[in-house]
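S.K.:
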Amino acid sequence: MPNATKFLPRLVRYIWAVPCSVVGLVLAAPLLLAGAKAHSVCGVLEIALSQQVKPDFRLLHRLPFCAITFGHVVIGLTAHNLEHLRAHEHEHVRQYERWGLFFFLAYPASSLYQWVRGNNPYWDNRFEVQARLSAANAKNEA
Ligand SMILES: [Zn+2]
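For the sequence shown, this note's numbering begins at 35 and goes up steadily by one.
Structural data, given as structure tokens:
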């Protein structure tokens, strides 16, 4: 029998983030039908559009990101991107677990706040700063 003290909070975090994960699944469905590959890593569904190191579709080069997270769903251009950005994107997963559906408001609000202050809306976004720190810490621990 699973440890109830660990299992219940994890279940609650999954349920809290479900609306965001559903958005990710809806976006991922046509990609999966088009041949993208999905893997589960630490309870997160990671979907790679391409198994190549570099994206093999010209359209993918135009996207402004290499990976994007919606709840417990991470969509990456390539399997290599997913592996390389795993610590960063999984920090975003934890952010969704804390904020739930409100993350869809909090993230752009943080970008807007930084833009109004004259900062970069992406690089200075508090959630991106936190994700970069988490990824750097994970790299240092490895
Ligand atoms: Zn990020």
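Cβ atoms here follow ideal geometry from the backbone N, Cα and C, with glycine treated the same way.
This one's a predicted model, so the numbers in the text were calculated from it and none came from an experiment.
1) Taking 7 Å as the cut-off, decide whether the C-beta atoms of Thr103 and Val127 are in contact.
2) Any heavy atom of ligand 1 closer than 6 Å to the beta-carbon of Ala170?
3) How far does the alpha helix (DSSP H) with Leu146 in it reach, from first residue to last?
4) Do you know how far the Cα of Ala51 is from the Cα of Arg132?
5) My output table needs one value for Ala113: the three-state DSSP class, helix, strand or coil.
6) Less than 7 Å separating the beta-carbons of Pro142 and Gln148?
7) For Ile49, count neighbouring C-beta atoms within 10 Å of its own C-beta (all shown protein chains included) and say buried if the count is 16 or more, exposed if not.
8) What separation, rounded to the nearest whole angstrom, lies between the Cα atoms of Ile81 and Pro43?
9) Work out the CA separation of Lys173 and Gly105 for me, nearest whole Å.
10) In the DSSP output, which residue or residues are listed as bridge partners for Glu125?
M.R.: This is what the structure holds:
1) yes
2) no
3) Phe137 to Val150
4) 8 Å
5) helix
6) no
7) exposed
8) 25 Å
9) 23 Å
10) None; Glu125 has no bridge partner.
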